[in-house]
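Data first, discussion second: the structure below is written as structure tokens.
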Amino acid sequence: MTTNPTISEPGLAPLAIAGRTFHSRLFVGTGKYASMDTMQTALDASGTEVITVAVRRERLFNAEGKSLLEYIDTDRYTILPNTAGCFSAEDAVRVARLGRDLLEQLGNPGANWVKLEVLGDKKTLLPDPVGTLEAARELIADGFDILCYSSDDPISAVRLKEAGVASVMPAGSPIGSGQGILNANNIVLCLQLLKENDPSYPVIVDAGVGCASDVARAMELGADGVLLNTAIAHASDPVMMAHAMRKACEAGHQSFQSGRIPKKLYATASSPMEGAISYIPGE
């Protein structure tokens, strides 16, 4: 009797950013959940190791006055403070420093990290490229490791890398829109230009994810990770969606690493035609 050997699933290569290494390539936000308990369970289900927290004081407490940090295991997660809601470089720099002070008190390894967002307007929430670059340069000089929210414009992305940010995070589509990857070509261009002289440079798609296939798509394009929030927090079942996002991130990365077949205009037979048995009528 022949027994098929057990095939073990290949492990995912760890992700290295700013001197830190993570096994999960999914970064998850902590806002917009119906309850702190749901957030806590969803974060666990996602398998994430890095979570983003908006630093502005009003976002650290819910309507009942409960602190977000009471529901986060700061020994388990690296907290990535973000400057969400900032519309000027000056404001973003101030909020980033507040985040550092807070995490230093907690002893969290994310103390010198910041997810930098400098937004252009309240309607689109698209990044202000000039303000973002200005804030990035000041924060880098102040010792921060920056994961930087950017548009999908390849030139803006390159300028941010040249300024010294640890990771450029191009948007798939506007924040919270759920539209997924609107311009795959631009994401690919960002990846190619940012990794041209350094293939290990981490590029994370940030914003606009609506469902698991969006995450898989981003990873299949070659992104090193995906950051999302609303797609889980506002799902009908956030915990189940968190599981789905985790699997999609892993599957998309494995798919990219495997090397997809090229696209062709015409069909290619799965079985070779050579040696096929021919039937001749009358024989």
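Residue numbering for the sequence shown follows the numbering used here, starting at 65 and increasing by one per position. C-beta: ideal position from N, C-alpha, C; glycine also. In this text, all values refer to a predicted model and were calculated from it rather than measured experimentally.
Nearest C-alpha to Cys313 among Pro302, Leu285, Leu329: Leu285. Counting along the chain, the unbroken alpha helix (DSSP H) around Asn250 starts and ends at 248–258. If you look at Thr85, you'll find it in the beta strand (DSSP E) that goes 84–86. Per the coordinates, the alpha-carbon of Ile81 lies some 15 Å from the alpha-carbon of Thr112. The segment 277–284 makes no contact with the segment 95–111; the number of CB pairs closer than 8 Å stays below 3.
For a cut-off of 8 Å, the C-beta gap from Val117 to Ile296 is around 15 Å, too long to register as a contact. For the pair of segments examined, the segment 244–253 was found not to touch the segment 224–232: the number of CB pairs separated by less than 8 Å stays below three.
Taking a C-beta distance under 8 Å as the contact criterion, Leu180 and Asp192 do not qualify as a contact pair.
The segment 257–267 makes no contact with the segment 297–304, as fewer than three CB pairs between them are under 8 Å. Nearest to Gly149 by alpha-carbon distance, out of Pro78, Val159, Thr142, is Val159.
The residues Met100, in chain order, have a CB closer than 7 Å to that of Lys130 in the same chain once the five nearest residues on each side in sequence are set aside. For Glu202, the closest alpha carbon among the candidates Thr138, Ala153, Thr147, Ser215 is that of Ala153. At the C-beta level, Gly316 and Gly272 stay beyond 8 Å of one another.
Listed in chain order, the alpha helix (DSSP H) elements of length 4 or more contained wholly in the segment 157–205 are 193–205. In this structure Pro218 is not in contact with Trp177, their Cβ atoms being roughly 24 Å apart against a cut-off of 8 Å. In the DSSP assignment, Gly316 falls within the unbroken alpha helix (DSSP H) covering 302–322. According to the DSSP secondary-structure assignment, Val119 is paired through a beta bridge with no residue. Check the Cα spacing between Met233 and each of Ala221, Ala156, Leu197, Leu162: the tightest is with Ala221.
The beta carbon of Gly163 sits closer than 7 Å to the beta carbons of Val119, Pro145, Val178 from its chain, once the five residues preceding and following it are set aside; these are given in chain order.
Ala200 and Tyr213 have their C-alpha atoms some 11 Å from each other. Here DSSP, grouped into helix, strand and coil, assigns Leu285 to coil. The beta-carbon distance between Tyr141 and Val114, rounded to whole angstroms, is 7 Å. This is short enough to meet the 8 Å contact definition.
Excluding sequence positions up to five before and after Ile204, its CB lies within less than 6 Å of the CB of Gly228, all in the same chain and listed in chain order.
Per DSSP, Ser152 has no beta bridge partner at all. Secondary-structure assignment with DSSP links Ala80 through a beta bridge to Thr85. In summary, Val157 is buried, with 16 or more beta-carbon neighbours lying within 10 Å of its beta-carbon over all protein chains present.
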